[in-house]
Amino acid sequence: MKVFKFIACFGAVLVVSCGHYATVDRPESENIVNAPIAVVWENTLRLLPSERIDIQTADKATYTITGVKRINIWTWGDDVRIRLIPHGDRQTVVDFEATTRQPIGWGHAEQMVKSIFQKIKNASEGNPGQK
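Under the working numbering, the final residue of the sequence shown carries the number 229; numbering is consecutive throughout.
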(Lines of atoms letter the chains of each structure in order from A; the text may use other names.)
(Lines give C-alpha, C1' and ligand atoms only; values in the text may rest on other atoms or scores of the structure.)
Protein backbone atom coordinates (compact mmCIF):
# COMPACT_ATOMS: atom_id res chain seq x y z
CA MET A 99 0.00 0.00 0.00
CA LYS A 100 2.88 2.36 0.79
CA VAL A 101 4.38 1.74 -2.64
CA PHE A 102 1.06 2.58 -4.30
CA LYS A 103 0.80 5.85 -2.34
CA PHE A 104 4.40 6.74 -3.27
CA ILE A 105 3.77 6.07 -6.95
CA ALA A 106 0.51 8.05 -6.86
CA CYS A 107 2.19 11.05 -5.17
CA PHE A 108 5.17 10.92 -7.52
CA GLY A 109 2.85 10.71 -10.53
CA ALA A 110 0.78 13.66 -9.30
CA VAL A 111 3.90 15.81 -8.83
CA LEU A 112 5.17 14.83 -12.28
CA VAL A 113 1.86 15.66 -13.95
CA VAL A 114 1.50 19.04 -12.23
CA SER A 115 5.10 20.19 -12.55
CA CYS A 116 5.92 19.33 -16.16
CA GLY A 117 2.97 20.78 -18.06
CA HIS A 118 3.56 24.49 -17.42
CA TYR A 119 6.43 26.95 -17.68
CA ALA A 120 6.57 30.73 -17.36
CA THR A 121 9.42 33.20 -17.65
CA VAL A 122 8.35 34.76 -14.34
CA ASP A 123 9.92 31.68 -12.73
CA ARG A 124 13.38 33.00 -13.62
CA PRO A 125 15.13 36.31 -12.80
CA GLU A 126 13.68 39.35 -14.61
CA SER A 127 17.11 40.12 -16.09
CA GLU A 128 16.79 36.94 -18.21
CA ASN A 129 13.49 38.18 -19.66
CA ILE A 130 14.66 41.57 -20.93
CA VAL A 131 14.88 42.36 -24.62
CA ASN A 132 17.03 45.36 -25.51
CA ALA A 133 14.51 46.94 -27.87
CA PRO A 134 11.51 49.24 -27.53
CA ILE A 135 8.17 47.58 -26.87
CA ALA A 136 6.80 48.46 -30.34
CA VAL A 137 9.68 46.59 -32.01
CA VAL A 138 9.26 43.54 -29.76
CA TRP A 139 5.48 43.58 -30.36
CA GLU A 140 5.85 43.52 -34.15
CA ASN A 141 8.56 40.85 -34.08
CA THR A 142 6.50 38.66 -31.73
CA LEU A 143 3.41 38.88 -33.97
CA ARG A 144 5.53 38.06 -37.02
CA LEU A 145 7.39 35.17 -35.37
CA LEU A 146 4.57 33.21 -33.69
CA PRO A 147 2.95 31.83 -36.87
CA SER A 148 6.34 30.47 -38.01
CA GLU A 149 6.46 28.57 -34.68
CA ARG A 150 3.06 27.00 -35.51
CA ILE A 151 1.27 29.17 -32.94
CA ASP A 152 -2.17 30.36 -34.01
CA ILE A 153 -2.79 33.79 -32.49
CA GLN A 154 -6.19 33.98 -30.82
CA THR A 155 -6.01 37.50 -29.37
CA ALA A 156 -3.54 40.34 -29.79
CA ASP A 157 -4.39 43.32 -27.58
CA LYS A 158 -1.99 46.15 -28.32
CA ALA A 159 -3.46 48.28 -25.50
CA THR A 160 -2.13 45.78 -22.94
CA TYR A 161 0.57 44.25 -25.19
CA THR A 162 -0.88 40.80 -24.52
CA ILE A 163 -1.05 37.93 -27.01
CA THR A 164 -2.78 34.59 -26.48
CA GLY A 165 -2.53 31.66 -28.79
CA VAL A 166 -2.48 27.93 -29.32
CA LYS A 167 0.41 25.87 -30.58
CA ARG A 168 -0.95 23.23 -32.91
CA ILE A 169 -0.85 19.53 -32.13
CA ASN A 170 2.11 17.55 -33.46
CA ILE A 171 3.85 14.23 -32.94
CA TRP A 172 5.45 15.43 -29.67
CA THR A 173 2.54 17.25 -28.01
CA TRP A 174 -1.22 17.56 -27.92
CA GLY A 175 -0.82 21.30 -28.30
CA ASP A 176 -0.07 24.18 -25.96
CA ASP A 177 -1.86 27.27 -24.72
CA VAL A 178 0.45 30.29 -24.74
CA ARG A 179 0.26 33.80 -23.32
CA ILE A 180 2.79 36.54 -23.91
CA ARG A 181 2.66 39.90 -22.18
CA LEU A 182 5.14 42.64 -23.02
CA ILE A 183 6.03 45.17 -20.35
CA PRO A 184 7.98 48.36 -21.11
CA HIS A 185 11.21 48.64 -19.12
CA GLY A 186 12.21 52.21 -19.86
CA ASP A 187 12.22 53.51 -23.44
CA ARG A 188 14.66 51.00 -24.92
CA GLN A 189 13.94 47.71 -23.16
CA THR A 190 11.01 45.31 -22.88
CA VAL A 191 10.30 42.57 -20.36
CA VAL A 192 8.71 39.50 -21.95
CA ASP A 193 6.33 37.59 -19.66
CA PHE A 194 5.77 34.34 -21.57
CA GLU A 195 3.97 31.26 -20.33
CA ALA A 196 2.90 27.98 -21.88
CA THR A 197 0.72 25.15 -20.64
CA THR A 198 0.66 21.81 -22.41
CA ARG A 199 -2.66 20.11 -23.14
CA GLN A 200 -1.40 16.68 -22.17
CA PRO A 201 -1.12 15.12 -18.71
CA ILE A 202 2.68 15.03 -18.71
CA GLY A 203 4.74 17.71 -20.42
CA TRP A 204 8.21 16.16 -20.11
CA GLY A 205 9.69 19.68 -20.02
CA HIS A 206 8.24 20.57 -23.43
CA ALA A 207 6.69 23.86 -22.25
CA GLU A 208 9.97 25.09 -20.79
CA GLN A 209 11.95 24.22 -23.91
CA MET A 210 9.38 25.88 -26.16
CA VAL A 211 9.17 29.09 -24.11
CA LYS A 212 12.95 29.44 -23.92
CA SER A 213 13.40 28.77 -27.64
CA ILE A 214 10.72 31.20 -28.81
CA PHE A 215 11.81 33.86 -26.31
CA GLN A 216 15.34 33.68 -27.70
CA LYS A 217 14.06 34.02 -31.27
CA ILE A 218 11.99 37.07 -30.30
CA LYS A 219 15.00 38.56 -28.52
CA ASN A 220 17.34 37.95 -31.46
CA ALA A 221 14.91 39.36 -34.03
CA SER A 222 14.18 42.44 -31.89
CA GLU A 223 17.82 43.14 -31.09
CA GLY A 224 18.88 42.70 -34.71
CA ASN A 225 20.59 39.31 -34.32
CA PRO A 226 18.27 36.99 -36.32
CA GLY A 227 20.91 34.32 -37.02
CA GLN A 228 21.89 33.70 -33.39
CA LYS A 229 20.32 31.08 -31.12
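Backbone N, C-alpha and C define an ideal beta-carbon position, used for all residues, glycine too. Source: prediction; values computed, not measured.
For residue 189, which three-state DSSP category applies? Here residue 189 sits in coil by DSSP.
Let me know the beta strand (DSSP E) ranges lying completely inside the stretch 105 to 164, each 3 residues or longer, listed in chain order. Counting whole runs of 3 or more residues, the stretch 105 to 164 contains the beta strand (DSSP E) stretches 118 to 120, 151 to 157.
Candidates 176, 159, 223, 225, of which the one nearest residue 119 by Cα: The shortest Cα separation from residue 119 among 176, 159, 223, 225 belongs to 176.
Check the C-beta distance from residue 180 over to residue 166 and give it rounded, since I have them as a contact under 8 Å. The Cβ separation is near 13 Å, so there is no contact.
Going by DSSP, what residues sit across from residue 195 in a beta bridge? Note: residue 195 sits in a beta bridge opposite 120, 179.
How about residue 223 and residue 131: do their beta carbons lie closer than 8 Å? Yes, the Cβ-Cβ distance between residue 223 and residue 131 is below 8 Å.
Report yes if the C-beta of residue 192 is less than 7 Å from at least one heavy atom of the ligand MN; otherwise report no. The ligand content of the structure shown is nil, which means the ligand MN is not present either.
What whole-angstrom Cβ distance do residue 198 and residue 206 have, given they're in contact under 8 Å? Indeed, because the Cβ distance is near 6 Å, the residues count as touching under 8 Å.
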